[in-house]
Every structure is written in C-alpha cells, then in structure tokens.
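Numbered as in the numbering used here, the sequence shown ends at 228 without a single skipped number. Below you'll find the structure, written out as structure tokens, and then a few comments.
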Amino acid sequence: MPIYLLDPEDPQRFPPPDRADASGLLAVGGDLSPERLLTAYSQGIFPWYSEGQPLLWHSPNPRFVLEPDKLHVGRSLRKTMKAGTYEVRWDTAFEDVIAACSEAPRPGQSGTWITDAMREAYVTLHQLGFAHSVEAWADGELKGGLYGVSLGAAFFGESMFAHAPDASKVAFAASVERLKAWGFHFIDCQVETEHLARFGAEPWPRKRFLGALAEALKVPTRRGPWT
C-alpha cells in the first residue's frame, strides 16, 4: 500500500482515507496550518508522529468511537463527581492542558507525540475557536483535563492527563455529558484503549465512521470559547 506525499502548496488535498495502510498510516508531509488540520479532521484524518519523524497522517480502521448515549460511568467515579471533588471548567487553561498532556508519561512510550509544533498548531486552533479544553480543578490548581477539536456535531479527543486521582476521568465524563446535552453525535477516540473502552467506546469500521462524520458535519460548529 503506497504512502502518499502531501502537496505543500495545497492544504486541502488529502488522499481518500480508505487508502491508509493496515496501521492506519495514510500520508506524510504537509504542515500543521489551521486549514490543513481542519480539512484533515473533516475527512477523518489526523496527525500523529514523534519528534524527529516527518509529519505523519493517519486514518485507522477500525476507529474507536464513543456515542454520548452509551457513556458508562462507574459507581466510584460517579460518587467522586457527585461529591464535587473537582470543579470542571472549559477553555480556561488550554495551553496549560496541552502542555501537561505533552509531559504525561505513557505506558510503552519513551517520548511524546505532542511536539512543540503540535502544541503551537492546536493553540492556534483554540484561538480560532475550534480546539477546546476540559479541566478538573481543585483548591485553585489544575489537576487533570483533556483537549480536542470540535467540528459540527463531532468532537475529536486528542489527549488527557491527570495529576490527581480520577481528575482526567471526571473531566472526560463531564465533557461527554455536556456534549450529549448539546446534541453531539459522537466523540472520536481515534484508537482503542482499555481506559476508553470502560467508558463505553467501541470500534467502528472506517466506512461507518466516515458516514457518521459526514452527518455530523451537517450541523453548525459550536465555535468559540466553551465557558
């Protein structure tokens, strides 16, 4: 399966997602401009690479997806949420959240895929109203959170971190409940993890994901600060 080299002069051109190889790798090159990133997400494609690698673009099959109606919150986590252990805020510390995500240790990984260039790119998307953070605060300190990209009625989760027990879980569960209230169709979790499976996420074939994405993009994007 060939890996496509992106045209640096045409940020809106990507190969069809179904041409990705078995690992989900679809293309290499290009840049992280807002136009290219938003085009990629609208086509079910996202960047994922490590420092020292070229810019790599992926469209995995299957795709791990959570429908808000299928959110499962365990008894212990629900108790923590009801106790008000953490205050959940939106878009008040985006740069701090993405910085913490980039520094969070990952099992089996020696580095981070959230490079300086990625951080700068998503901060720009945040400033443009497309990228958002969900934060768990306690005693005036940021204890955990997540960030992602919103287009139409789809939310593309990127990464999360926790500096205290259940902090990222509270932020995630609260975000899904809010997105459900807003009528979002799904949360894209990208690739399967046991952690997200416990919340109710499940694998979708690429064809199903792309069809659902097309429907979600018919809804106007809730753009701007989510405060």
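Glycine residues also receive a C-beta, built at the ideal position from the N, C-alpha and C atoms. Given the structure is predicted, the values throughout are model-derived calculations rather than measurements.
Run through DSSP, which three-state label would residue i get?
i: ARG209; result: helix
i: GLN13; result: coil
i: PHE95; result: helix
i: VAL89; result: strand
i: GLN110; result: The pLDDT assigned to GLN110 is 49, lower than 50, so where the model puts this residue is not dependable, and the model offers no usable value.
i: PRO166; result: coil
i: ALA21; result: coil
i: LEU126; result: helix
i: GLU142; result: strand
i: PRO35; result: helix
i: GLU203; result: strand
i: GLU193; result: coil
i: LYS181; result: helix
i: GLU52; result: coil
i: LEU78; result: helix
i: LYS219; result: coil
i: THR228; result: coil
i: THR116; result: coil
i: ALA105; result: coil
i: LEU72; result: coil
Report yes if the CB atom of residue i is closer than 7 Å to the CB atom of residue j, and no otherwise.
i: LEU214; j: GLY45; result: yes
i: GLU136; j: GLY149; result: no
i: VAL124; j: GLU96; result: yes
i: VAL171; j: TYR87; result: yes
i: LYS71; j: GLY201; result: yes
i: HIS133; j: TRP227; result: yes
i: GLU36; j: THR116; result: no
i: LEU56; j: GLY25; result: no
i: GLY212; j: ILE188; result: no
i: ASN62; j: ARG207; result: yes
i: TRP114; j: TRP58; result: no
Mind checking if residue i is an interface residue toward chain B, Cβ cutoff 7 Å exclusive?
i: ALA213; result: Of the protein chains in this structure there is only one, and it is not chain B.
Count the other CB atoms, across all protein chains shown, that sit within 10 Å of the CB of residue i; report buried if there are 16 or more and exposed otherwise.
i: HIS196; result: exposed
i: VAL192; result: exposed
i: LEU129; result: exposed
i: ALA101; result: buried
i: HIS127; result: buried
i: SER169; result: buried
i: SER151; result: buried
i: SER34; result: exposed
Could you pull the DSSP bridge partners for residue i from this structure?
i: ILE4; result: Partner(s): none; ILE4 has no beta bridge.
i: LEU152; result: ALA155
i: LEU147; result: VAL135 and MET161
i: ILE188; result: LEU67 and PHE156
i: ALA28; result: TYR5 and TRP58
i: PHE47; result: HIS59
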